[in-house]
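Position in the sequence shown (from 1) plus 2 gives the number in this note's numbering.
Below is one structure, written out as structure tokens; the observations come after it.
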Amino acid sequence: METFIVLKVSVLTFVPSTRIPTMKEKIIEKANDMFLSLGFKSVTMDDLASEMGISKKTIYTHFQNKTKLVEATTHHLFCTISDGIEAILHQTLDPIEELYTIKAFVMQHLKNEKTAPLYQLQKYYPKIHSGLKEKQFEVFQECVVDNLKRGIETGVFRSNIDIEFISRIYFIGTNGIKDKNMFPDNRFPVAKLMDDYLEYHILGITTEKGRTILNNLIKEQ
């Protein structure tokens, strides 16, 4: 199952255009990679310039300060993930399989959900983090509500669930499990934590038909 998911996700990774990226786009791409790997606070403009082999002046030509760069980078990442999720939704997968495919896609683009960078974003750039979380909720809500409705229609989710409640509690949970005080990495490896939470979510709303599909997906991983 894991191989299947990776193949599906790779298809959804956007094919680069033959157009040569602008310097601004190159800076955003490299900053995105470094921020997610090392942290939004940890990476300095000097680090970025050195990694790219350019001067800081070149970076400041396109971005007034580091905050503007962080803002542009997180916006770029948000759009990339949102477009990818939309592409997955257009495949009209089984609702349960769809949730696993979306999880794999998002984790791929968030460097397997490393939490230190996200913690640094929240602590040192709270305004950007807050705005990003609001946009995430909008996309998440639309996606999950649609998934729940189709799950009910296809008989894999119970018909008596409160869609608004489930969609919101699921969003809160996906953010809550990133709290390292509650879920330290040495006890809760991120990949397993994400899998366990998704399984927990599905088991709480599924029918016997849905549980059979879920069990098969788990066995094939």
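No residue lacks a Cβ here, since even glycine has one placed at the ideal position from N, Cα and C.
Buried or exposed: which applies to residue i, given that a residue is buried once 16 or more other Cβ atoms fall within 10 Å of its Cβ?
| i | result |
| --- | --- |
| residue 12 | Its pLDDT being 38, under 50, residue 12 is placed unreliably by the model, and nothing is read from it. |
| residue 168 | buried |
| residue 119 | buried |
| residue 2 | One cannot answer for residue 2 here, as it falls past the ends of the chain, which runs 3 to 223. |
| residue 97 | buried |
| residue 153 | buried |
| residue 155 | exposed |
| residue 204 | buried |
| residue 99 | buried |
| residue 130 | buried |
| residue 16 | With a pLDDT of only 44 at residue 16, under the threshold of 50, the placement of this residue in the model should not be trusted; the figure read from the coordinates follows. Exposed, since its Cβ has fewer than 16 Cβ neighbours within 10 Å. |
| residue 9 | Since pLDDT at residue 9 reaches only 33, below the 50 mark, its modelled position is unreliable, and the value read off the structure follows with that caveat. It counts as exposed. |
Less than 7 Å separating the beta-carbons of residue i and residue j?
| i | j | result |
| --- | --- | --- |
| residue 64 | residue 26 | yes |
| residue 206 | residue 159 | no |
| residue 142 | residue 173 | yes |
| residue 122 | residue 178 | no |
| residue 29 | residue 61 | yes |
| residue 68 | residue 47 | yes |
Look at the alpha carbon of residue i and the alpha carbon of residue j, and state the distance between them as a whole number of angstroms.
| i | j | result |
| --- | --- | --- |
| residue 92 | residue 86 | 10 Å |
| residue 186 | residue 74 | 30 Å |
| residue 214 | residue 191 | 26 Å |
| residue 209 | residue 124 | 38 Å |
| residue 161 | residue 218 | 22 Å |
| residue 145 | residue 84 | 10 Å |
| residue 102 | residue 59 | 43 Å |
| residue 127 | residue 176 | 20 Å |
| residue 104 | residue 150 | 14 Å |
| residue 94 | residue 80 | 22 Å |
| residue 147 | residue 183 | 30 Å |
| residue 88 | residue 112 | 17 Å |
| residue 157 | residue 201 | 17 Å |
| residue 2 | residue 170 | This structure cannot settle anything about residue 2, because the visible part of the chain is limited to 3 through 223. |
| residue 221 | residue 24 | 45 Å |
| residue 189 | residue 22 | 44 Å |
| residue 39 | residue 82 | 17 Å |
Can you find a C-beta in chain B that's less than 7 Å from the C-beta of residue i?
| i | result |
| --- | --- |
| residue 47 | Here there is only one protein chain, and chain B is not present. |
For the ligand ZN, is there any heavy atom lying closer than 6 Å to the beta carbon of residue i?
| i | result |
| --- | --- |
| residue 100 | The model depicted lacks the ligand ZN and carries no ligand whatsoever. |
Pairs of beta-carbons, one from the stretch 18-38 and one from the stretch 50-60, closer than 8 Å: are there three or more? yes
Does the contact criterion of 3 or more C-beta pairs under 8 Å hold for the stretch 129-140 versus the stretch 194-211? no
With a floor of 4 residues, list each alpha helix (DSSP H) that falls wholly inside the stretch 41-125, ordered by position along the chain. 47-54, 58-64, 68-91, 97-111
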